[in-house]
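Novice: Input: one structure, supplied below.
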Amino acid sequence: MRTVPFPVSVITTIMESGCPIGITASSVSSLSMDPMTVTVGIHKGAKIFEHLRKSDAFVINILRDSQVHISNRFAKKFGSSEEQFKDLKFHLNQHVRLGAD
């Protein structure tokens, strides 16, 4: 992550219902490579917070400058997870990975 200046990311995971959920994060930091450890600042009142705590997996999707629209979509405080992912390409298996443009 040292090669990406001031990255904006979308953190994604899967809710217990099987639906994807995500949040925009600008405070993702690498702490260690062995073991791989990162920090992400997420308010405990955020709708994704409990889903991340309960999940075995999550994905850090680092966005490009051309993906501001994705960052804005996941930064909204209100709205459903269905609205977040509407018309977006993403891969859903044990975790959620946004597709590349």
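Under our numbering, think of the first position of the sequence shown as 2, with each following residue one higher.
Where a beta carbon is used, it is the ideal one built from N, C-alpha and C, also for glycine.
Put R54 into one of helix, strand or coil per three-state DSSP.
Specialist: Along the sequence shown, read from residue 1 onward, the residue named residue 54 stands at position 53. R54: helix per DSSP, three-state reduction.
Novice: Spell out a yes or no on whether the stretch 60 to 78 and the stretch 8 to 26 are touching, meaning 3 or more CB-CB pairs, one atom from each, closer than 8 Å.
Specialist: Output reads yes: the stretch 8 to 26 touches the stretch 60 to 78.
Novice: So, for I43: in the same chain, excluding its five sequence neighbours on each side, which residues have a beta-carbon less than 8 Å away from its beta-carbon?
Specialist: In the sequence shown, the residue the question calls residue 43 occupies position 42. Excluding positions up to five away in sequence, the list reads I12, I24, A26, I49, F50, L53.
Novice: If you run the structure through DSSP and keep just helix, strand and coil, what is H92?
Specialist: Locating residue 92 in the sequence shown gives position 91, where the first residue counts as 1. Of the three classes helix, strand and coil, the one that applies to H92 here is strand, per DSSP.
Novice: From the DSSP output, read off the bridge partner residues of A76.
Specialist: Counting from one through the sequence shown, the residue named residue 76 turns up at place 75. For A76, which the question treats as bridged, DSSP gives no partner whatsoever.
Novice: Along the alpha helix (DSSP H) that carries S33, what are the first and last residues, could you check?
Specialist: As a working mapping, residue 33 is identified with position 32 in the sequence shown. Run containing S33: none in the alpha helix (DSSP H); it sits in the beta strand (DSSP E), 29 to 34.
Novice: If you check the beta carbons only, do S67 and I15 fall under 8 Å apart?
Specialist: As a working note, residue 67 is residue 66 in the sequence shown. As a working note, residue 15 is residue 14 in the sequence shown. The answer is no: Cβ separation not under 8 Å.
Novice: Since S72 and I22 should fall inside the 8 Å C-beta cutoff, what is the C-beta to C-beta distance between them, to a whole number of angstroms?
Specialist: For this step, residue 72 is matched to residue 71 along the sequence shown. For this step, residue 22 is matched to residue 21 along the sequence shown. About 16 Å separates the two Cβ atoms, so there is no contact after all.
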